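J.: Chains as they are written, first to last, in this note's numbering: chain A, 632 to 1126; chain B, 278 to 760; chain C, 466 to 560.
All residues carry an ideal CB built from backbone N, CA and C; glycine is no exception.
Values in this document were obtained by computation on a predicted structure and should not be read as measured data.
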Amino acid sequence: MSDLLQLSAVDARAALDAKEITATELTQSYLDAAVQTEALNNYVQLTHDKALEMAAASDARLRAGTAGPLEGIPVGVKDLFCTEGVETTACSAILKGFVPPYESTVTSKLWADGAVMLGKLNCDEFAMGSANETSVFGPAVNPWSQSDGPDLAAGGSSGGSASAVAAQSALLATGTDTGGSIRQPAAFCGVVGMKPTYGRCSRWGIVAFASSLDQAGPFARTVADSALMFSSMAGFDAKDSTSTNSPLPDLASAMAAGVKGMKIGIPVEYQRDGMDPAITKLWEQGQAWLTDAGAEMVPISLPHTAYALPCYYIIAPAEASSNLARYDGVRYGQRIEEGGTLDDMYEASRAAGFGEEVQRRIMIGTYALSAGYYDAYYLKAQKVRRLIRNDFDAAFAGVDAILTPATPSAAFPLGVKQDDPITMFLNDVFTVPANLAGIPGMSVPAGLSSDGLPLGLQVLAGAFYEDKMYQVAKVIETQSGFSGAPQRAAGRAHS
Amino acid sequence: MSNLVQGQTGEWEVVIGMEVHAQVTSHSKLFSGSSTAFGAGPNQNVSLVDAAMPGMLPVINGACVRQAIKTGLGLKAEINLTSVFDRKNYFYADLPQGYQISQFKHPIVGEGVLTIELSDGSSHAIGIERLHLEQDAGKSLHDQHPSKSYIDLNRSGVALMEIVSKPDLRSAEQAGAYIKKLRSILRYLGTCDGNMEEGSLRADVNVSVRKPGAPLGTRTETKNLNSVRFIMQTIDAEVERQIEVIEDGGEIFQETRLFDTSTGMTRAMRSKEDAHDYRYFPDPDLLPLSVTQDYVDEIAAELPELPDDIRMRMVDEYGLSSYDAGVLTEERETALFYETASAGRDRKIVANWMSVELFGALNKAGKILAESPVSPAALGELVDLITQGTISGRIAKDVFAEMFETGEAAASIIESKGLKQVSDTGAIEALIDKVIAENQDKVDEYRGGKDKLFGFFVGQTMKLSGGQANPGMVNQMLKDKLK
Amino acid sequence: MSVDNNTVKKIARLARIHVDEDRRDALAGELNAILSWIEELETVDTDNVEPLASVTGHSLPIRDDVVSDGNKQEQVIANAPETTSGFFVVPKVVE
């Protein structure tokens, strides 16, 4: 059974089509793996019966010759995506018991293409966090660890998704990325995580955090698997006014093309003090791989990089403070009637239902938008955002893609940085600019730290140029020969 | 006529501004596809977007945009080709999102003007500050249970146009004329049905007072008034209250007040109002709204004739007074009725008949024009019979009353009741001779210089004829006979 | 800009989140740490820079005026903590 777990999604599709394996077998392996890796706390809900039902339906379609592009592939869903008839909590107490009567567009597309839902995956509460430590269900644990070392963070906010894919308890998983919430956990867990151009994937049915930054994206073990999943997730949705109507470029050709003749930008501002030397070394190694493959490295400047984080930490909380106003105990979710009045009910329900991090961000956002501060904070941040976007536009006029580290360090132990909000923010320093600019970015596992923990490289491309991004990522993957085998993957004896 | 109000310390000028919320006529809501139809069961016309479920997103209804532009053109206002939707953030049970999608800094329509005509013949141009689109809220029922409120979101998300006037109004009468004219324009354009009782049109009134020439005083706002009468009463009540407070040495606070229909007075809202900090910011789920000049021009080309234009045409071509023409054009249906009834006839006479007799009868019977038992053609026919001399004006009133009662045509009523005006000189002469013969003493008095007695002879002659003698002829012939 | 205990109280009120009195000082401290760092933005010259409200570059898509939704009362109230005869129920509001 654990052999089945080793198959990539592309290979599993071929095996299913060739009738070498059945969807039911494949799904059962993953369900077993999820149970086996329970201690990683990746799944907040395993939809066991539903998964087998969907797998059976996939088997019927496979027999009938009407298989879709993701037929029979077991997928985990971040608990931020509303799934019809299946409890969706955003990993928050305030939504415990909420059962959506609707399915998000992105997951609908996955099921329509034949994928099988394994269950809902752990994440930071309302996607706010960088270590999956703010979840009401407790943290997701990284399947990688140093021998006899403490539990490591899977990253956040999509920690459960990244960890499950790395631990082989999901073949693919959905995530969302607002400030790095796919790319950073992917790097920490040694898997491929991709945030598309803003507008590629519909936001309809995904619990909103920061509307102008949120994007759904795929977690996979390989670049090719990532492209496969992304192709199903993406697409114009008339129900989302920010959805873009632009056909996907040819990712298959891009992945086969190699990088000969491409210009790769290396931003000088991303060379930061305090970065793990292993990261710097990996970055240089990545440049060498690409040079060997025929690309040209070009130093570029993204002068406003330093302002990306403060800019993000005004815009995201501001939008979130408004998006989370609907969680008031009136129409769904937890309600606490205390004090007698409607306002008392709001205050009690929200105080009890939202965790500390969420409360903190709502307060910051509320403050930033409040009378007298709008110009100084929010408006200012939107202007700086334009400057950041301009930096990328100028850079992409001269290069095809940009290569950077994905994170400043390898995965850190759980519980360590919880009390210092600023340090937690710095985890997002390489990833946030892409959200502000709306450009696509992906994290590819490229090497190991001296402690044997995975490190990732990030590839950025211009808006709508996911092909160039996949083109570079594929070469990095091939050249690095990274074979992620975390200590606590399913099918391995755990320590 | 002065609009100044007399206080104890002198005269006060009243300054009024109005914010009108008009529900847009459309099939579906502003940002969702649920129905705007009235009368559905609770939470029936509600989609998951209206209910603000997690992950729901707004998509704008093009027809509402069109209606807003149309209204702006009807108010001779500037149309902003780019406008932005902002979130207005606050908490209330009938506001499921915890914010209302509105327009703050960049509304779809800018400055315009609306002209009002008053009964004294004066006309005033009232400035329009702006018009923007926004979502309506749901409805709360507070009186169904001692400790609970019930929430129905059917109305939540219906498109509203908020039309803000400049503080150019100076009296309750002006405010009343303003809301009537605005309502009329909206109905002519078909952009809002203007039904105040059902809540399709609501007004917030801002009132302040000042000594003439002084800077603006502090204003109070009274919200959600749904009748012209309440608007005018509110203004009068607020003006009186404010003058009293100031003259007693007190201060007016900028606050929101409610009009109590049972006492006819305003009172401060009971809830401890936090100074509203709405934290407006552009809605990140929506992009800026862009329309082309071509699109606006297309809408302009399709505009129906507006009440002011019809009114001016009636003044110029038919010789009606501005005020009378105003009454006849307040509703499109009225103007159409009038045009039909008066076509090819004396326009002024028909105008008079409509304004006085027809409207009088309709009011008394509690009917609207659409329910009139007298059709435009029937009214026209009646007027013809008067101008032809078949009946007198006096008799025509009785005939009209009968027409209104029974729906029968004038001609058949006159026939069956034998009401034809007597214009036969011989017949009239006979009547006059009789009256003279029976009142020789008065004849002598009249001939002796008592001119006032002429009326007596006219009256007697008319009475003798059962009111049917042609009064003009009676007058003429009596003059001759009594010489 | 810095927030004090009183400002925290006001913001919490605006956000309708109850914050215990004894938590306010700590929260003020946490918020101030973040705010002082955010103030770095003041050093950026943004004269003549248009705010970037949308990264997509397209303008607002328009929908046709057809009734395509609603009529699903059951779904709408299915998750509500309290309802009666199709209405949502909340503690009474006095105006």
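Considering V297 of chain B, what are the terminal residues of the beta strand (DSSP E) in which it resides?
T.: As a first step, residue 297 of chain B must be located in the second sequence, where it is residue number 20. Unbroken beta strand (DSSP E) run through V297 of chain B: 288 to 300.
J.: Would you list the one or two residues that DSSP bridges to I725 of chain A?
T.: Reading the first sequence from its first residue, position 94 is the one you call residue 725 of chain A. DSSP lists no partner for I725 of chain A.
J.: Within 10 angstroms of its Cβ, does F768 of chain A collect 16 or more other Cβ (buried), or is it exposed?
T.: Position 137 of the first sequence, counted from the first residue, corresponds to residue 768 of chain A. Burial call: buried.
J.: Check distances from the C-beta atoms of the segment 470 to 494 of chain C to those of chain A and list, in chain order, the residues that come in under 9 angstroms.
T.: The residues in question are T472, V473, K475, I476, A477, R478, L479, A480, R481, I482, H483, V484, D485, L492.
J.: What are the start and end residues of each continuous beta strand (DSSP E) run of 3 or more residues lying completely inside the segment 361 to 439 of chain B, in chain order?
T.: DSSP runs (the beta strand (DSSP E)) wholly in the segment 361 to 439 of chain B: 363 to 366, 376 to 379, 389 to 394, 400 to 412, 416 to 418, 425 to 429.
J.: Quick check: what's the CA-CA separation for G996 of chain A versus A951 of chain A?
T.: Taking the first sequence and counting its residues from 1, the one referred to as residue 996 of chain A is at position 365. Taking the first sequence and counting its residues from 1, the one referred to as residue 951 of chain A is at position 320. Distance between the alpha carbons of G996 of chain A and A951 of chain A: 7 angstroms.
J.: When the Cα atoms are used, what is the spatial distance from K549 of chain B to T497 of chain B?
T.: Position 272 of the second sequence, counted from the first residue, corresponds to residue 549 of chain B. Position 220 of the second sequence, counted from the first residue, corresponds to residue 497 of chain B. Confidence is the limiting factor: at K549 of chain B the pLDDT is only 49, short of 50, which leaves the residue's position unreliable, though a coordinate-based value still follows. Cα to Cα, K549 of chain B sits roughly 16 angstroms from T497 of chain B.
J.: So which residues on chain C does Q667 of chain A lean against when the C-beta distance must stay under 9 angstroms?
T.: Indexing the first sequence from 1 puts residue 667 of chain A at position 36. Those within 9 angstroms of Q667 of chain A in chain C number zero; the least Cβ separation is about 33 angstroms.
J.: Nearest by alpha-carbon distance to P1036 of chain A: which of A:A999, A:K1011, A:L1079, A:G1112 is it?
T.: Stepping through the first sequence from its first residue, residue 1036 of chain A is reached at position 405. For the residues A:A999, A:K1011, A:L1079, A:G1112, the minimum Cα distance to P1036 of chain A belongs to A:L1079.
J.: So who's on the other strand from V484 of chain B, going by DSSP bridges?
T.: In the second sequence, residue 484 of chain B corresponds to position 207, counting from 1. Note: V484 of chain B sits in a beta bridge opposite B:I293, B:T497.
J.: Please tell me whether V592 of chain B has its Cβ less than 8 angstroms away from any Cβ of chain A.
T.: Within the second sequence, residue 592 of chain B is the residue found at index 315, counting from 1. With 8 angstroms as the cut-off, V592 of chain B does not count as an interface residue toward chain A.
J.: Listed in chain order, which residues of the segment 991 to 1003 of chain A have Cβ atoms closer than 7 angstroms to some Cβ of chain C?
T.: Hits within the stretch, in order: R991, I993, M994, I995, T997, Y998, S1001.
J.: Using a Cβ-Cβ cutoff of 7 angstroms, what residues of the segment 341 to 374 of chain B are near chain A? List them in chain order.
T.: The residues in question are R364, N366, F368, A370, P373, Q374.
J.: Output yes or no for whether 8 angstroms exceeds the beta carbon distance between V737 of chain A and M864 of chain A.
T.: Locating residue 737 of chain A in the first sequence gives position 106, counting from the first residue. Locating residue 864 of chain A in the first sequence gives position 233, counting from the first residue. Result yes, Cβ atoms of V737 of chain A and M864 of chain A sit closer than 8 angstroms.
J.: Can you find a C-beta in chain A that's less than 8 angstroms from the C-beta of N544 of chain C?
T.: Against the third sequence, residue 544 of chain C aligns to sequence position 79. Yes, because at least one Cβ of chain A sits closer than 8 angstroms to the Cβ of N544 of chain C.
J.: Assuming G964 of chain A contacts L726 of chain A under a Cβ cut-off of 8 angstroms, what Cβ separation, rounded to an integer in Å, is found between them?
T.: Locating residue 964 of chain A in the first sequence gives position 333, counting from the first residue. Locating residue 726 of chain A in the first sequence gives position 95, counting from the first residue. Yes, G964 of chain A and L726 of chain A are in contact; Cβ-Cβ is about 5 angstroms, under 8 angstroms.
J.: Are there 16 or more other CB atoms within 10 angstroms of the CB of K644 of chain B, so buried, or fewer, so exposed?
T.: If you number the second sequence from 1, residue 644 of chain B lands on position 367. Exposed, since its Cβ has fewer than 16 Cβ neighbours within 10 Å.
J.: In chain order, what residues of the same chain have a beta carbon less than 6 angstroms from the beta carbon of D490 of chain C, not counting five sequence neighbours either side?
T.: By 1-based counting over the third sequence, the position of residue 490 of chain C is 25. Taken in chain order, the residues that qualify are N470.
J.: Quick check on DSSP: helix, strand or coil for P335 of chain B?
T.: Taking the first residue of the second sequence as position 1, residue 335 of chain B is located at position 58. DSSP places P335 of chain B in coil when its eight states are reduced to three.
J.: Taking I945 of chain A and S843 of chain A to be in contact with their CB atoms under 8 angstroms, please state how far apart those CB atoms are, rounded to whole angstroms.
T.: In the first sequence, the residue the question calls residue 945 of chain A occupies position 314. In the first sequence, the residue the question calls residue 843 of chain A occupies position 212. The pair is not a contact, with the Cβ atoms about 12 angstroms apart (cut-off 8 angstroms).
J.: Hey, is P319 of chain B's beta-carbon within less than 8 angstroms of any beta-carbon in chain C?
T.: Taking the first residue of the second sequence as position 1, residue 319 of chain B is located at position 42. Yes, because at least one Cβ of chain C sits closer than 8 angstroms to the Cβ of P319 of chain B.
J.: Based on DSSP bridge pairs, tell me the residues matched to M928 of chain A.
T.: Along the first sequence, read from residue 1 onward, the residue named residue 928 of chain A stands at position 297. Answer is A:I895.
J.: Any beta carbon of chain B sitting closer than 8 angstroms to that of A498 of chain C?
T.: Looking up residue 498 of chain C in the third sequence gives position 33. Not an interface residue.
J.: Would DSSP call L605 of chain B helix, strand or coil?
T.: Translated into positions along the second sequence, residue 605 of chain B becomes position 328. Helix at L605 of chain B.
J.: When we look at the beta-carbon of T720 of chain A and count the other beta-carbons within 10 Å, is it buried (16 or more) or exposed?
T.: Your numbering for residue 720 of chain A matches position 89 in the first sequence. Answer is buried; the Cβ neighbour count reaches 16.
J.: Beta-carbon separation of P827 of chain A and G848 of chain A under 8 angstroms?
T.: Numbered from 1 along the first sequence, position 196 holds the residue referred to as residue 827 of chain A. Numbered from 1 along the first sequence, position 217 holds the residue referred to as residue 848 of chain A. Contact flag set, yes.
J.: What did DSSP end up calling M825 of chain A once you bin it into helix, strand or coil?
T.: Residue mapping note: residue 825 of chain A aligns to position 194 of the first sequence, counting from 1. The answer is strand: DSSP assigns M825 of chain A an E or B state.
J.: Answer yes or no: does any C-beta atom of chain C fall closer than 8 angstroms to that of S424 of chain B?
T.: One-based indexing of the second sequence puts residue 424 of chain B at position 147. It does; some Cβ of chain C falls within 8 angstroms.
J.: Consider the Cβ of C942 of chain A: report whether some Cβ of chain C lies at a distance smaller than 8 angstroms.
T.: Taking the first sequence and counting its residues from 1, one reaches residue 942 of chain A at position 311. Yes, contact with chain C.
J.: Does K549 of chain B have its Cβ less than 8 angstroms from a Cβ in chain C?
T.: One-based indexing of the second sequence puts residue 549 of chain B at position 272. For K549 of chain B, the predicted model reports a pLDDT of 49, less than 50, meaning its position is unreliable; a value from the coordinates is still stated below. K549 of chain B does not count as touching chain C.
J.: Find the nearest neighbour of I523 of chain B within the set B:L325, B:G467, B:L281, B:Q285, judged by alpha-carbon distance.
T.: Locating residue 523 of chain B in the second sequence gives position 246, counting from the first residue. Among B:L325, B:G467, B:L281, B:Q285, the Cα nearest to that of I523 of chain B is on B:Q285.
J.: Do R556 of chain B and A545 of chain B have their C-beta atoms within less than 8 angstroms of each other?
T.: Looking up residue 556 of chain B in the second sequence gives position 279. Looking up residue 545 of chain B in the second sequence gives position 268. No, the pair does not count as a contact, with Cβ atoms beyond the cut-off.
J.: Sort B:L639, B:D327, B:A707 by Cα distance to F414 of chain B and report the nearest one.
T.: Position 137 of the second sequence holds residue 414 of chain B. Here residue 414 of chain B turns out to be Ala, not Phe, going by the sequence shown. Nearest C-alpha to A414 of chain B: B:D327.
J.: Tell me, which residues are paired with D534 of chain C by DSSP?
T.: The residue given as residue 534 of chain C occupies position 69 in the third sequence. Paired residues: B:S311.
J.: Could you compute how far the alpha carbon of S990 of chain A sits from the alpha carbon of E756 of chain A?
T.: Stepping through the first sequence from its first residue, residue 990 of chain A is reached at position 359. Stepping through the first sequence from its first residue, residue 756 of chain A is reached at position 125. This sequence places Gln at residue 990 of chain A; Ser is not what is there. Using only the alpha carbons, I get a separation of about 11 angstroms.
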